[in-house]
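Let me begin by presenting the structure, written as structure tokens, before commenting on it.
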Ligand SMILES: [Zn+2]
Ligand SMILES: [Zn+2]
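Residue numbers (my numbering): 13 to 411.
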């Protein structure tokens with residue numbers, strides 16, 4: 013009851029901040045929070061759960077506009093199964109001093125520097141503070157929570173690590189990593205990535221226009237340290253771009269090159285919001301055996317992740333086929349030797365755009381359509397035009 017009250021109050025009063033969903037500064041505009049829940053996909057043909065969530069987003073402890081409780085409440089309102097908050101390391105100008113935040117502080121909050129009574133901009137932070145705040149709140153909301161951090165090579169490519177240890181502490185000097193060993197106080201990227209891996213974290217390469225295919229990232233991929241890549245960064249992919257063509261500060265990019273790179277280099281496929289302000293409908297789908305953290309990590313390690321954004325799925329044939337096989341049902345009624353009626357049912361929360369029997373069909377969620385098969389052949393192919401299996405190919409299934 014107490015929790016419900018807090019939700020209601022927060023929904024009415026939370027004035028959240030909208031900004032770019034990119035790793036830059038965010039313009040501040042206050043707006044009312046209006047969550048859009050999405051329904052879940054059915055379990056896959058192979059019996060996996062399709063868990064939704066986001067492995068890369070920020071709060072006011074990073075450069076974002078949302079408090080930690082708001083970010084978690086938002087994820088809950090969207091129906092998320094899991095969440096990782098991934099602040100940049102050396103955070104200055106971030107503080108959680110609002111009454112809404114302080115009531116959520118863990119019991120040992122006094123040991124966190126500057127939590128109470130400190131003005132914005134006062135002191136450097138480190139990303140574990142938002143993680144420590146998030147853990148007990150996410151638990152209340154029933155979310156699987158993964159501690160995360162966004163780091164990377166100074167001025168160049170970033171990396172997002174999730175499932176880092178809650179006891180991990182970065183310090184103010186090693187947030188941005190050194191490209192070569194012995195660069196001032198900064199930790200060499202190879203040492204930090206190995207440290208992350210040793211603590212059971214999973215590293216992905218976000219918004220890959222930074223340092224795309226540079227030797228450092230290639231080394232990390234070749235050595236199994238970086239094991240995933242974002243094919244989408246942002247809430248709406250307003251622009252489709254070449255990997256090298258992005259401009260810092262612009263939100264919403266899909267990377268066709270990164271998709272092919274993932275397939276060639278055995279990387280997991282991720283679509284994350286990188287939300288600094290309010291999030292939009294971008295999700296990484298995790299095909300997990302169970303809704304547990306262990307199962308999510310197992311799925312990530314088996315590369316069973318699929319990007320879901322702009323009413324599209326981007327993933328390996330193995331995984332999107334597994335999802336679609338349980339989302340679309342095809343029933344045939346043979347009326348005579350030349351005519352079969354086909355009913356195609358969409359059991360998923362997304363609109364299916366398909367080519368079938370010479371027609372283009374947009375089939376809304378939880379809807380069905382009847383199509384005549386006058387070909388005289390029993391078998392036919394559906395091309396799923398919004399289910400991508402590489403930068404140039406779509407899922408085709410024979411029925
Ligand atoms: Zn970034
Ligand atoms: Zn980010």
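Ideal Cβ placement from N, Cα and C applies to all residues, glycine included.
Rounded distance between the beta-carbons of residue j and residue i, thought under 8 Å
i, j, result
"residue 71", "residue 99", "7 Å"
"residue 155", "residue 87", "6 Å"
"residue 280", "residue 240", "4 Å"
"residue 376", "residue 361", "Not a contact, Cβ separation roughly 10 Å."
"residue 283", "residue 296", "5 Å"
"residue 176", "residue 161", "6 Å"
"residue 65", "residue 94", "4 Å"
"residue 318", "residue 335", "7 Å"
"residue 308", "residue 63", "6 Å"
"residue 267", "residue 243", "5 Å"
"residue 67", "residue 174", "5 Å"
"residue 2", "residue 225", "What is shown of the chain runs 13 to 411, which leaves residue 2 out entirely."
"residue 91", "residue 149", "Actually they do not touch by this definition, with Cβ atoms about 17 Å apart."
"residue 189", "residue 165", "5 Å"
"residue 55", "residue 357", "About 16 Å separates the two Cβ atoms, so there is no contact after all."
"residue 285", "residue 246", "6 Å"
Paired residues, beta bridge with residue i - DSSP
i, result
"residue 3", "Nothing in the structure corresponds to residue 3, since the chain is present only between 13 and 411."
"residue 279", "Residue 279 is not bridged to any residue."
"residue 363", "DSSP, once it has assigned bridges, lists no residue as partnering residue 363."
"residue 170", "164"
"residue 240", "216, 280"
"residue 99", "161"
"residue 61", "300"
"residue 412", "Residue 412 is absent from the model: the chain starts at 13 and stops at 411."
"residue 226", "Answer by DSSP bridge pairing: none, since residue 226 is not bridged."
"residue 190", "200"
"residue 94", "65, 156"
"residue 79", "Answer is none; residue 79 lacks a bridge partner."
"residue 271", "Its beta-bridge partners do not exist; DSSP assigns none."
"residue 144", "For residue 144, which the question treats as bridged, DSSP gives no partner whatsoever."
"residue 295", "320"
Proximity test, Cβ basis, 8 Å: residue i and chain D
i, result
"residue 306", "Absent here is chain D; the protein component of the structure consists of one chain."
Taking contact to mean at least 3 C-beta pairs separated by less than 8 Å, is the segment 396–411 in contact with the segment 363–372? yes
Would you check if the segment 310–328 and the segment 380–387 touch, i.e. whether three or more CB-CB distances between them fall below 8 Å? no
Can you confirm whether the segment 206–217 touches the segment 231–246 when touching is taken to mean that 3 or more C-beta pairs between the two stretches lie within less than 8 Å? yes
Complete runs of the alpha helix (DSSP H) confined to the segment 310–394 [at least 4 residues]: 329–339
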